[in-house]
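Participant: Residue numbering for the sequence shown is 0 to 809, as defined by numbering that gives the first Met the number 0. I am attaching a structure below and will ask some questions about it afterwards.
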Amino acid sequence: MSKSSFFLITFVTFLVFTTARKVRINLANDSSFSTKNYTKVCDAARFTDLGLDMNEFDYCNSSLDFHSRVKDLIDRMTLYEKVGQLGNKASGALRIGLPQYKWWSEALHGVSDFGDGSTFFDDVVPSATSFPTPILTAASFNETLWNLIGKRVSTEARAMHNLGRAGLTYWSPNINAVRDPRWGRALETPGEDPYMIGVYAYNYVRGLQDIEGQESSPHDQNSRPLKVAACCKHYVAYDVDNWLGVVRENFNAHVQERDMVETFQKSFEMCVKMGDVASVMCSYNQVNGIPSCADPQLLKQTVRDKWKLNGYIVSDCDSIEVMVDKQKFLGDAPEDAVAKVLRAGLDLDCGDFYPNYTANAVLQGKVRVTDIDNALKNIFIVLMRVGFFDGMPQFDHLGKDDICSEDNINLAIEAATQGIVLLKNDNEALPLNPNQIKTLAVIGPHANATSVMIGNYKGIPCRYTSPLDAFKEATEVIYEMGCDTVSCQNNSLISQAVEASKKADATVLVVGLDLSVEAESLDRVDLLIPGYQTELINEVASNSKGPVILVVMSAGGVDIGFARDNPNIKAILWAGYAGEEGGHAIADVVFGKYNPGGRLPLTWHENSYVSMLPMTSIPLRPIDSLGYPGRTYRFFNGSVVYPFGYGLSYTTFNYKITEESETILNINLDKFTKCRDLNYIDDSAKPTCPAVLIDDLAETKIDNQDVEFSVEVENTGEMDGSDVILVYWVSPNGIVDTPIKQLIAFKKVFVEAGKSVKVNFKLNASRDLGLVDFQAYNLLAAGTHTISIGENVVSFPITINIQSSLDVNS
0 MSKSSFFLIT FVTFLVFTTA RKVRINLAND SSFSTKNYTK VCDAARFTDL GLDMNEFDYC
60 NSSLDFHSRV KDLIDRMTLY EKVGQLGNKA SGALRIGLPQ YKWWSEALHG VSDFGDGSTF
120 FDDVVPSATS FPTPILTAAS FNETLWNLIG KRVSTEARAM HNLGRAGLTY WSPNINAVRD
180 PRWGRALETP GEDPYMIGVY AYNYVRGLQD IEGQESSPHD QNSRPLKVAA CCKHYVAYDV
240 DNWLGVVREN FNAHVQERDM VETFQKSFEM CVKMGDVASV MCSYNQVNGI PSCADPQLLK
300 QTVRDKWKLN GYIVSDCDSI EVMVDKQKFL GDAPEDAVAK VLRAGLDLDC GDFYPNYTAN
360 AVLQGKVRVT DIDNALKNIF IVLMRVGFFD GMPQFDHLGK DDICSEDNIN LAIEAATQGI
420 VLLKNDNEAL PLNPNQIKTL AVIGPHANAT SVMIGNYKGI PCRYTSPLDA FKEATEVIYE
480 MGCDTVSCQN NSLISQAVEA SKKADATVLV VGLDLSVEAE SLDRVDLLIP GYQTELINEV
540 ASNSKGPVIL VVMSAGGVDI GFARDNPNIK AILWAGYAGE EGGHAIADVV FGKYNPGGRL
600 PLTWHENSYV SMLPMTSIPL RPIDSLGYPG RTYRFFNGSV VYPFGYGLSY TTFNYKITEE
660 SETILNINLD KFTKCRDLNY IDDSAKPTCP AVLIDDLAET KIDNQDVEFS VEVENTGEMD
720 GSDVILVYWV SPNGIVDTPI KQLIAFKKVF VEAGKSVKVN FKLNASRDLG LVDFQAYNLL
780 AAGTHTISIG ENVVSFPITI NIQSSLDVNS
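Shown next as structure tokens:
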């Protein structure tokens, strides 16, 4: 290289860096939104205030399609302006009219002040409705409820945006499966079953995002407007936070491909394909040695290309920094890391590595500007879709009256009551008759719970109604804590609690866990009720004058086998973390204003489970050589405290399958479709053609893949109530390593006392009866499949015959 060329390149580089510094200084002063209360970028008056003519900017021309407008916006930016948009605090580009934007808002169970996009700091928006945490809402098994909560949350979010207190992009929900009962973030999730989680995900996401009448686009989903933009997280195989010194930032999840397809990716695939979610967040952990946010197979090839994500992929916060500083992945310098994740398909960095190092990566020749442009296209189209540039007139009327409305508060109560699970009810001890309970002892560390009930990723609730408050509305109450904290490290308050229970006509004990025991960055080491809470429960149960009702607040299961088996404890309720109105919900269930119909969304294991295997063992199936049991109800066959899907009612239900007949599906394979092998315990029982690859099954190869049936649910008791019909699939006998059973459908139904309701189901063989083999192929097996309703209350067979001119070895 000549000296003149060298000096020219040096001078140009100097000018670029100098310009960038000046641009950043100018952009830092962009206050056009906050001072003028503009609610959209493309407001002609706003451009005039900036000394610009909006008509000169095609990205504000609403007659053009989003792609053309976004291209115009990107093409106007310098390199440094481009990289400034790639962090969660996007710097904007004031010289072309683009304001700053804060991407990070949360709406896990209500608009949160976690992150920097939503705020509660004055009388304009002092609070927002705090619904139950997802683990309890999921226990309702009510898709309509999940969708409705999403709608109400997004309405409050749009109202807050109109008032200048919130953004339009929300990094919720959390749809990781609770693979291990010790995981600290169980409260944020819908439970342990990947299918159920997926159904929750797309219903809640649709509630947040969908605008009535515009749920789909006939041409391009990327042109479909969104009420707000949701995000399904944390992708993928993320469920270890901090267990005995193993932390999420350094954890490498060794995942078998079968588990990846069958469990870890399933809910995300459903969220993208059925929910049309606007964003997916990749996780901190590595998967088989590669950071999730740097794996093109996981991001670009799967989420983007295979599942067809219409939106952007964002990192969990500071994930790129974690990759460099904590994981030391490949010894990467920051520029190497940003180049790697950008090429892998990561569009947006929750952090500052993209803004700080991407320009250098370009100048060093490690990444192309076209890769940056692709990322910008993905994020700006989402901002177009939520109305950041053009506004959304149909939501302009929303304001303060739409936040913390009575309808929303009542829905928070309804959601909590629908989720509460009745675990025990000896001799119909519940519901209590308020006319017979003149004095009620309300005891326990959670008896007067307030903030505990709203868990994490919370905002400021409209109000609190603790259990104590709600019970006081119904009867005279004697209150004693029994334990000063959840950890309950001394028993000095137990005697007062016992004395209170001796005076009362009935006793309600409210105990459990909180964020000091189970939380983000805090996994559990056991499944026990903390400290002296067990002593408190047993002493009160032994001495109380009236019946004792135990109420457990927790997300993960706890080993309360001692209480289940104690005849002095007449009833047990699980109330999760029930949101701002949790007290009303608990009291309504205890006094029979609401008949509980929730079901456990995860297995409650005995405490001995934690000594059987480390939390860091990822496989779902048992590992016989190590003595490890299986995980979740699908693969664990030992004794439990309460199983997945368990829940009682104040009434009784009977099931009957109507129009029952033997279902036979005949599949005749053509010469281009081969049989697939399966491992059998006894090869003599193996069919001639064991299975077929589901991807090979065109509609014409099965005369009718659909299986329709009805379940008649009869309420045989004396009280109206809701029931959850759980439909499980059981594979043909003898196939190695299949799930014990797998949830494939569910419906919640209300049935009046003495009446019955018919509930229709429609299964599809390819969608619902498939299994994933050890090679991660999704197969439809020959043989007799079983459809089981509930805990095998009733069942019926589906026989699949596969005929081929070629045997499995051909």
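Glycine residues also receive a C-beta, built at the ideal position from the N, C-alpha and C atoms.
So Asp406 is in the alpha helix (DSSP H); what residue range does that whole segment cover?
Facilitator: Here residue 406 corresponds to residue number 407 of the sequence shown, with the count starting at 1. From DSSP, the alpha helix (DSSP H) with Asp406 extends over 405 to 418.
Participant: Report yes or no: do three or more beta-carbon pairs, one from the region 662 to 677 and one from the region 645 to 653, lie closer than 8 Å?
Facilitator: no
Participant: Could you please give me the residues that DSSP links to Phe635 through a beta bridge?
Facilitator: Counting from 1 along the sequence shown, the entry for residue 635 is found at position 636. Per DSSP, none; premise fails for Phe635.
Participant: If the criterion is Cβ atoms closer than 8 Å, does the pair Pro796 and Phe634 meet it?
Facilitator: The residue given as residue 796 occupies position 797 in the sequence shown. The residue given as residue 634 occupies position 635 in the sequence shown. No, the pair does not count as a contact, with Cβ atoms beyond the cut-off.
Participant: Apart from the five residues just before and just after Pro621, which ones in its own chain have a Cβ nearer than 7 Å to its Cβ?
Facilitator: If you number the sequence shown from 1, residue 621 lands on position 622. Answer for Pro621: Tyr627, Pro628, Gly629, Phe634, listed in chain order.
Participant: Once DSSP output is grouped into helix, strand and coil, what is the label at Ser31?
Facilitator: Here residue 31 refers to the residue found at position 32 of the sequence shown. Bear in mind that a pLDDT of 45 at Ser31, under 50, signals an unreliable position, so the number given afterwards is only what the model happens to contain. Helix at Ser31.
Participant: Whose C-beta lies closer than 8 Å to the C-beta of Ile174 among residues of the same chain, with five residues either side of it excluded?
Facilitator: Here residue 174 is taken as the residue at index 175 of the sequence shown, counted from 1. Within its own chain, the residues whose Cβ lies closer than 8 Å to the Cβ of Ile174, once the five positions on either side in sequence are excluded, are Thr188, Pro189, Ile196, Gly197, Tyr199, Ala200, Cys231, Lys232, Ser266, Phe267, Cys270, listed in chain order.
Participant: Checking the sheet assignment: what are the DSSP bridge partners for Phe708?
Facilitator: Taking the first residue of the sequence shown as position 1, residue 708 is located at position 709. Bridge partners of Phe708: Phe760.
Participant: Cβ atoms of Ile402 and Met614: under 8 Å apart, would you say?
Facilitator: Counting from 1 along the sequence shown, the entry for residue 614 is found at position 615. Counting from 1 along the sequence shown, the entry for residue 402 is found at position 403. Not closer than 8 Å, so no.
Participant: Output the residue ranges of the beta strand (DSSP E) runs that lie fully inside the region 421 to 498 and measure 3 residues or longer, sorted by chain position.
Facilitator: Contiguous beta strand (DSSP E) elements confined to the region 421 to 498 occur at 438 to 442, 475 to 479, taking only those with 3 or more residues.
Participant: Going straight from the alpha carbon of Phe352 to that of Ala252, what length do you get?
Facilitator: The count along the sequence shown starts at 1 and reaches residue 352 at position 353. The count along the sequence shown starts at 1 and reaches residue 252 at position 253. One C-alpha to the other measures close to 24 Å.
Participant: Taking 8 Å as the cut-off, does the region 563 to 582 touch the region 207 to 218 (at least 3 CB pairs, one atom from each stretch)?
Facilitator: no
Participant: Taking Trp306 as part of the beta strand (DSSP E), name the residues at either end of that continuous run.
Facilitator: Position 307 of the sequence shown, counted from the start, is the residue given in the question as residue 306. Per DSSP, Trp306 belongs to no beta strand (DSSP E) and is neither H nor E.
Participant: How long is the line joining the alpha carbons of Asp522 and Val239, rounded to whole angstroms?
Facilitator: For the purposes of this step, residue 522 is taken as residue 523 along the sequence shown, with counting starting at 1. For the purposes of this step, residue 239 is taken as residue 240 along the sequence shown, with counting starting at 1. Near 7 Å, if we compare the C-alpha coordinates of Val239 and Asp522.
Participant: Using the rule of at least 16 other Cβ atoms within 10 Å of the residue's Cβ for burial, across every protein chain shown, is Phe749 buried or exposed?
Facilitator: Taking the sequence shown and counting its residues from 1, the one referred to as residue 749 is at position 750. Classification for Phe749: exposed.
Participant: Within a Cβ cutoff of 6 Å, which residues of the same chain sit near Trp102, ignoring the five residues on either side of it in sequence?
Facilitator: In the sequence shown, residue 102 corresponds to position 103, counting from 1. Cβ within range, chain order: Asn87, Thr168.
Participant: Alpha carbon to alpha carbon, how far is Gln213 from Asn202?
Facilitator: Taking the sequence shown and counting its residues from 1, the one referred to as residue 213 is at position 214. Taking the sequence shown and counting its residues from 1, the one referred to as residue 202 is at position 203. If I take the Cα positions, the gap works out to 16 Å.
Participant: Can you grab the Cα-Cα spacing for the pair Ile378 / Val279, in whole Å?
Facilitator: To locate residue 378, count along the sequence shown from 1; it is residue 379. To locate residue 279, count along the sequence shown from 1; it is residue 280. Distance between the alpha carbons of Ile378 and Val279 is about 12 Å.
Participant: My output table needs one value for Gly782: the three-state DSSP class, helix, strand or coil.
Facilitator: What you label residue 782 is simply residue 783 of the sequence shown in a count that begins at 1. Three-state DSSP puts Gly782 in a strand.
Participant: Quick one: give me the first and last residue of the beta strand (DSSP E) that Tyr654 is part of.
Facilitator: Looking up residue 654 in the sequence shown gives position 655. DSSP places Tyr654 in the uninterrupted beta strand (DSSP E) bounded by 652 to 657.
Participant: Compare the beta carbon distance of Ile830 and Ala570 with 8 Å and say whether it is the shorter of the two.
Facilitator: With the chain represented from 0 up to 809, any question about residue 830 goes unanswered, as that position is not in the structure.
Participant: Which residue's Cα is closest to the Cα of Arg75: Ser61, Gly96, Gly288?
Facilitator: Start at 1 with the first residue of the sequence shown, and residue 75 comes out as number 76. For Arg75, the closest of Ser61, Gly96, Gly288 by C-alpha to C-alpha distance is Gly96.
Participant: As a quick exercise: from Val485, Asp483, Glu658, Val313, pick the residue whose alpha carbon is nearest that of Gly350.
Facilitator: Here residue 350 is taken as the residue at index 351 of the sequence shown, counted from 1. With distances taken between Cα atoms, Gly350 lies closest to Val313.
Participant: Measure the C-alpha to C-alpha separation of Met820 and Lys761 and round it to an integer number of angstroms.
Facilitator: With the chain running from 0 to 809 in the structure shown, residue 820 is simply not present.
Participant: Taking all protein chains shown into account, do 16 or more other C-beta atoms lie within 10 angstroms of the C-beta of Thr687, making it buried, or fewer, making it exposed?
Facilitator: Looking up residue 687 in the sequence shown gives position 688. Thr687 should be labelled exposed.
Participant: Are at least three pairs of beta-carbons, each pair with one atom in the region 416 to 424 and one in the region 560 to 575, less than 8 Å apart?
Facilitator: yes
Participant: Hey, how far is the Cα of Asn359 from the Cα of Ala332?
Facilitator: Taking the sequence shown and counting its residues from 1, the one referred to as residue 359 is at position 360. Taking the sequence shown and counting its residues from 1, the one referred to as residue 332 is at position 333. Answer to the nearest angstrom: the Cα atoms are 11 Å apart.
Participant: Note the first and the last residue of the continuous alpha helix (DSSP H) segment covering Thr533.
Facilitator: On the sequence shown, position 534 is the one that residue 533 refers to. Start and end: 532 to 542.
Participant: Would you say Asp694 touches the ligand ATP, meaning its beta carbon is less than 7 Å from a heavy atom?
Facilitator: Because no ligand of any kind appears in the structure shown, any question about the ligand ATP cannot be addressed here.
Participant: Please tell me whether Ala106 and Leu207 are closer than 8 Å, where the distance is taken between their beta carbons.
Facilitator: By one-based count along the sequence shown, residue 106 stands at place 107. By one-based count along the sequence shown, residue 207 stands at place 208. Taking 8 Å as the Cβ cut-off, Ala106 and Leu207 qualify as a contacting pair.
Participant: For Asn800, write down the residues that DSSP places opposite it in a beta bridge.
Facilitator: Your numbering for residue 800 matches position 801 in the sequence shown. DSSP lists Asn665 as partners of Asn800.
Participant: Would you please state the rounded distance, in angstroms, between the beta carbons of Leu345 and Leu298? I believe it to be under 8 Å.
Facilitator: Walking along the sequence shown from the start, residue 345 turns up at place 346. Walking along the sequence shown from the start, residue 298 turns up at place 299. Right, the Cβ-Cβ distance comes to about 6 Å (below 8 Å), so this counts as a contact.
Participant: Roughly how many whole angstroms lie between the Cα atoms of Phe387 and Ser104?
Facilitator: To locate residue 387, count along the sequence shown from 1; it is residue 388. To locate residue 104, count along the sequence shown from 1; it is residue 105. Whole-angstrom Cα-Cα distance: 15 Å.
Participant: Apart from the five residues just before and just after Thr154, which ones in its own chain have a Cβ nearer than 6 Å to its Cβ?
Facilitator: Start at 1 with the first residue of the sequence shown, and residue 154 comes out as number 155. Excluding residues within five positions, the ones whose Cβ falls inside 6 Å are Asp401.
Participant: Compute the Euclidean distance between the alpha carbons of Asn373 and Ile380, then round it to the nearest angstrom.
Facilitator: Here residue 373 refers to the residue found at position 374 when the sequence shown is read from its first residue. Here residue 380 refers to the residue found at position 381 when the sequence shown is read from its first residue. Separation of Asn373 and Ile380 (C-alpha to C-alpha, rounded to the nearest whole angstrom) is 11 Å.
Participant: For Lys339, count neighbouring Cβ atoms within 10 angstroms of its own Cβ and tell me buried if that reaches 16, exposed if not.
Facilitator: On the sequence shown, position 340 is the one that residue 339 refers to. By the 10 Å Cβ count, Lys339 comes out buried.
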